[in-house]
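Worksheet for the structure shown next.
There are 2 protein chains.
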Amino acid sequence: MASPAAAVPRAARTPTTPQKDDKRKQILKAAVKVFAEKGYHGCRISDVAEEAQVAYGLVYHYYGNKDGLLAAVFDTNWSVFAKAINDVAEQPGLTMFDKLQQIVELGFQAFEMFPLVVKVLVLEFGRNSRLGEALENPAVAGVFASIARIFEQGKKTGELYEGIDPYAISVLFMGMLETAFVSFVLTANSSRSKVQSHITVDNMKATVLSMCQRALLGAVSKKSAAI
Amino acid sequence: MASPAAAVPRAARTPTTPQKDDKRKQILKAAVKVFAEKGYHGCRISDVAEEAQVAYGLVYHYYGNKDGLLAAVFDTNWSVFAKAINDVAEQPGLTMFDKLQQIVELGFQAFEMFPLVVKVLVLEFGRNSRLGEALENPAVAGVFASIARIFEQGKKTGELYEGIDPYAISVLFMGMLETAFVSFVLTANSSRSKVQSHITVDNMKATVLSMCQRALLGAVSKKSAAI
DNA sequence: CTCCGTTGGTTGACATGGAAATCAAACGTG
DNA sequence: CACGTTTGATTTCCATGTCAACCAACGGAG
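Taken in sequence, the protein lines are chains A and B. Position 42 (the first sequence) corresponds to 290 in the working numbering; numbering is contiguous. Position 225 (the second sequence) corresponds to 473 in the working numbering; numbering is contiguous.
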């Protein structure tokens, strides 16, 4: 418990070896990388084991089977976003637009810091028609609920245009974000690279925010809209 | 050559058997259904053959391999959308919003008429990181180019807000549409059913259009914006 | 007019390869 | 020594893709 770091055999640590001797986490991390690079269906468990520098069987020991591994990858990483988004949604004293802005910021930050994680979440999970059924997954549904609550707030305060459905718009909002990431993820791995002609990440972010501002905001002053 | 239809043995035709003796098309049609129901990776060629009421080997005879089948499904169906969208983009005398509206209409019509086709195109193709690489596919790129051209028109005529990038917004626009379909497709097969709480197809369509109108339109009159 | 060989579409049992999952043994730590 | 961790060769399974035979129409020869 209280053992100092020295308890771990130093000789075993090469610069390329992760410091953690927690192989469970190593596998999870390797899975993200391998799934991102070759796709869930395109990779073998042995690829993950190799990447994690771990025996084949250990993957099964910890995660049961391939689906279990993907599920673990998802749960572990998504829960972070879910919590962050939920926190934003609940935060008092902010307007609808403030919150949306923070969420967009959150998403793009995550994408720049952990592009592989975002790639796996978006590509391997967002569309895998079976396995969790996406929207049926409580963790996913929770995020949608949070977003929807933000738009409902906007509707109450008049910040959201009349005639826009809070639920429908929450789906579209998430879709915009998701597609933005997919467009980068599918064309290059570098987060600063270009899509199509000349779209940069910053450019995309600005456009998303502009959309939110122009598309949604009624003529209500920020003060009265804050909750 | 000039032989009448009577040449075909009538007895072989049962009411449940498709009239076409063109098994090639039968296979394509069956593939759409099977891919939509079980997913590309989740189904076997034998499933397709069975659905098409055709021998296993015939699928290979016509389409070479499983990937070839998916590619054929995509090409066949996507080309229809591609052409329609391109036509809208080129049509003279319409404002940017007119064109966007037509495209939205087009998409929702397609979804209501051929939900399975849309499901396959969106789910199995949109995210399959290998296989055509989506955005790299010329047929897909062509549609994006058409959409981008519409937004560029808007930029020229001032119909599109200043500071919104035509290319970035074209990605987001497509993403909104795609997500709208995905949200229906993942939750139910009936196009009239509800998602989340109470979102209907009509509701979603209205919201998308509203977004376009509010988010994009500058203060330019329609007349001057038409091209 | 009938018969048979040819051709193209069609069949489905089978061989193949490859990946998932198992499991019994080795390890090492307390 | 005992128990949790780790190993990786072995087993199991099954979907893909192959292939040799089948059939139905046609046309030319007898």
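Idealized CB from N, CA, C, for every residue including glycine.
Item to check | Nearest residue (CA-CA) to ASP315/B, options ASN451/B, VAL456/B, PHE399/B, GLY287/B | outcome: Start at 1 with the first residue of the second sequence, and residue 315/B comes out as number 67. Of ASN451/B, VAL456/B, PHE399/B, GLY287/B, the residue nearest in Cα terms is GLY287/B.
Checklist entry - In whole angstroms, what separates the C-alpha of ILE293/B from that of VAL307/B? => result Counting from one through the second sequence, the residue named residue 293/B turns up at place 45. Counting from one through the second sequence, the residue named residue 307/B turns up at place 59. Taking the straight line from one Cα to the other gives about 8 Å.
Next on the checklist: Please confirm whether GLY411/B has its beta-carbon closer than 8 Å to some beta-carbon of chain A.
Outcome noted: Sequence index remark: in the second sequence, residue 411/B carries index 163 (1-based). Using a Cβ-Cβ cut-off of 8 Å, GLY411/B counts as an interface residue toward chain A, since at least one Cβ of chain A sits closer than that to its own.
Checklist entry - Who are the neighbours of MET459/B on chain A, taking C-beta pairs under 7 Å? => result Position 211 of the second sequence, counted from the first residue, corresponds to residue 459/B. By Cβ distance, chain A contributes LEU420, ALA463.
Item to check | Inter-residue Cα distance where the pair is ALA463/B and GLU426/B | outcome: Mapped onto the second sequence, residue 463/B falls at position 215. Mapped onto the second sequence, residue 426/B falls at position 178. For ALA463/B and GLU426/B, the gap between their C-alpha atoms comes out near 18 Å.
Next on the checklist: Just to make sure I have the definition right: I need the residues of chain A whose C-beta is within less than 8 Å of the C-beta of GLY480/B. Which are they?
Outcome noted: With chain B covering only 249 through 475, there is no way to say anything about residue 480/B.
Checklist entry - So what's LEU514/A in DSSP terms, helix, strand or just coil? => result Because chain A in this structure spans residues 249 to 475, residue 514/A falls outside the shown range and cannot be described.
Next on the checklist: I want to verify the contact list: residues of chain B whose CB lies under 7 Å from the CB of ALA416/A, in sequence order.
Outcome noted: Taking the first residue of the first sequence as 1, we reach residue 416/A at position 168. Correct list: ILE447, ASN451, MET452, THR455.
Item to check | In chain order, each alpha helix (DSSP H) run of at least 4 residues that lies wholly inside the stretch 262 to 314 of chain A | outcome: List check, alpha helix (DSSP H) in window: 271 to 286, 293 to 299, 304 to 311.
Checklist entry - Is it buried or exposed for GLN274/A, if we count other Cβ within 10 angstroms and need 16 for buried? => result Looking up residue 274/A in the first sequence gives position 26. Answer is buried; the Cβ neighbour count reaches 16.
Next on the checklist: By the three-class DSSP mapping on this structure, what secondary structure does ILE412/B have?
Outcome noted: In the second sequence, counting from the first residue as 1, residue 412/B sits at position 164. Note: ILE412/B maps to coil in three-state DSSP.
Item to check | Contact set between HIS289/A and chain B, taken where Cβ atoms lie within less than 8 Å | outcome: Here residue 289/A corresponds to residue number 41 of the first sequence, with the count starting at 1. Taking the beta carbon of HIS289/A as reference, the chain B residues within 8 Å of it are HIS289, listed in sequence order.
Checklist entry - Rounded C-beta distance between ALA337/B and ILE398/B? I'm assuming under 8 Å. => result Residue 337/B sits at position 89 when you count from the first residue of the second sequence. Residue 398/B sits at position 150 when you count from the first residue of the second sequence. Right, their Cβ atoms sit about 5 Å apart.
Checklist entry - Which residues in the same chain have their Cβ closer than 7 Å to the Cβ of GLY402/A, if we skip the five residues on either side of it in sequence? => result Within the first sequence, residue 402/A is the residue found at index 154, counting from 1. Same-chain partners within the cutoff: MET344, LEU408, LEU464.
Checklist entry - Of the choices SER458/A, LYS367/A, GLY423/A, whose alpha-carbon is the least far from that of ALA411/B? => result Here the question's residue 411/B lines up with position 163 in the second sequence. The amino acid occupying residue 411/B in the given sequence is Gly; Ala does not appear at that position. Nearest C-alpha to GLY411/B: SER458/A.
Next on the checklist: Output needed for MET424/B: all residues of its chain with C-beta closer than 8 Å, excluding positions within five of it in sequence on either side, in chain order.
Outcome noted: Residue mapping note: residue 424/B aligns to position 176 of the second sequence, counting from 1. Contacts found: VAL456, MET459.
Checklist entry - Are the CB atoms of LEU318/B and GLU372/B nearer to each other than 8 Å? => result Translated into the one-based positions of the second sequence, residue 318/B becomes position 70. Translated into the one-based positions of the second sequence, residue 372/B becomes position 124. Against a cut-off of 8 Å, the Cβ pair of GLU372/B and LEU318/B comes out as a contact.
Checklist entry - VAL368/B to LYS367/A, Cα distance in whole Å? => result Taking the first residue of the second sequence as 1, we reach residue 368/B at position 120. Taking the first residue of the first sequence as 1, we reach residue 367/A at position 119. Distance between the alpha carbons of VAL368/B and LYS367/A: 21 Å.
Item to check | Cβ distance (whole Å) where VAL280/B is taken to contact VAL370/B below 8 Å | outcome: Looking up residue 280/B in the second sequence gives position 32. Looking up residue 370/B in the second sequence gives position 122. A Cβ-Cβ distance of about 12 Å is found for the pair VAL280/B and VAL370/B, leaving them out of contact under the 8 Å criterion.
Checklist entry - Once you ignore the five residues that flank ILE475/A on each side, which residues in its own chain have a CB closer than 6 Å to its CB? => result Position 227 of the first sequence holds residue 475/A. Cβ within range, chain order: GLN401.
Checklist entry - Alpha carbon to alpha carbon, what distance is there between TYR311/A and TYR304/A? => result What you label residue 304/A is simply residue 56 of the first sequence in a count that begins at 1. What you label residue 311/A is simply residue 63 of the first sequence in a count that begins at 1. Put simply, the backbone Cα of TYR304/A is about 12 Å away from that of TYR311/A.
Item to check | Rounded C-alpha distance that separates GLU360/A from GLN339/A | outcome: Taking the first residue of the first sequence as position 1, residue 360/A is located at position 112. Taking the first residue of the first sequence as position 1, residue 339/A is located at position 91. Rounded to whole angstroms, GLU360/A to GLN339/A spans 24 Å at the Cα level.
Checklist entry - Thinking just about the alpha-carbon of each residue, which of ALA297/B, ILE333/B, LYS453/B is nearest to the one in ARG476/B? => result With chain B running from 249 to 475 in the structure shown, residue 476/B is simply not present.
Next on the checklist: So MET422/B and ALA416/A are supposed to be a Cβ contact under 8 Å. How far apart are they, rounded?
Outcome noted: Translated into the one-based positions of the second sequence, residue 422/B becomes position 174. Translated into the one-based positions of the first sequence, residue 416/A becomes position 168. Separation of the CB atoms of MET422/B and ALA416/A is rounded to 17 Å, and the pair is thereby denied contact status at 8 Å.
Next on the checklist: Going by C-alpha to C-alpha distance, which of ALA278/A, GLY406/A, ALA387/A, LYS277/A sits closest to ILE333/A?
Outcome noted: Here residue 333/A refers to the residue found at position 85 when the first sequence is read from its first residue. The candidate whose alpha carbon is nearest that of ILE333/A is ALA387/A.
Next on the checklist: Quick check: what's the CA-CA separation for GLN349/B versus VAL282/B?
Outcome noted: To locate residue 349/B, count along the second sequence from 1; it is residue 101. To locate residue 282/B, count along the second sequence from 1; it is residue 34. The straight-line gap separating the alpha-carbon atoms of GLN349/B and VAL282/B is approximately 32 Å.
Checklist entry - What's the call for GLY341/B, buried or exposed, on a 16-neighbour Cβ count within 10 Å? => result The count along the second sequence starts at 1 and reaches residue 341/B at position 93. It is exposed - the Cβ of GLY341/B has fewer than 16 other Cβ atoms within 10 Å.
Item to check | Per DSSP, cross-strand counterpart(s) of ILE398/A | outcome: To locate residue 398/A, count along the first sequence from 1; it is residue 150. Note: ILE398/A sits in no beta bridge, so no partner.
Item to check | Candidates VAL321/A, VAL352/A, VAL328/A, of which the one nearest PHE454/A by Cα | outcome: Sequence index remark: in the first sequence, residue 454/A carries index 206 (1-based). For the sequence presented, residue 454/A should be read as Ala rather than Phe. The residue with the shortest Cα to Cα distance from ALA454/A is VAL352/A.
Item to check | Per-residue burial, SER438/B [other beta carbons within 10 Å of its own, 16 or more giving buried] | outcome: Sequence index remark: in the second sequence, residue 438/B carries index 190 (1-based). With a pLDDT of only 42 at SER438/B, under the threshold of 50, the placement of this residue in the model should not be trusted; the figure read from the coordinates follows. Residue burial is scored here from C-beta neighbours: SER438/B has fewer than 16 other C-beta atoms within 10 angstroms and is therefore classed as exposed.
Checklist entry - How is ILE475/A classed by DSSP in three states: helix, strand or coil? => result On the first sequence, residue 475/A is found 227 positions in, with the first residue counted as 1. For ILE475/A, the three-state secondary structure derived from DSSP is coil.
Checklist entry - Assuming VAL419/A and ALA300/B make a contact with CB atoms under 8 Å, what is their CB distance in whole Å? => result Here the question's residue 419/A lines up with position 171 in the first sequence. Here the question's residue 300/B lines up with position 52 in the second sequence. Actually they do not touch by this definition, with Cβ atoms about 35 Å apart.
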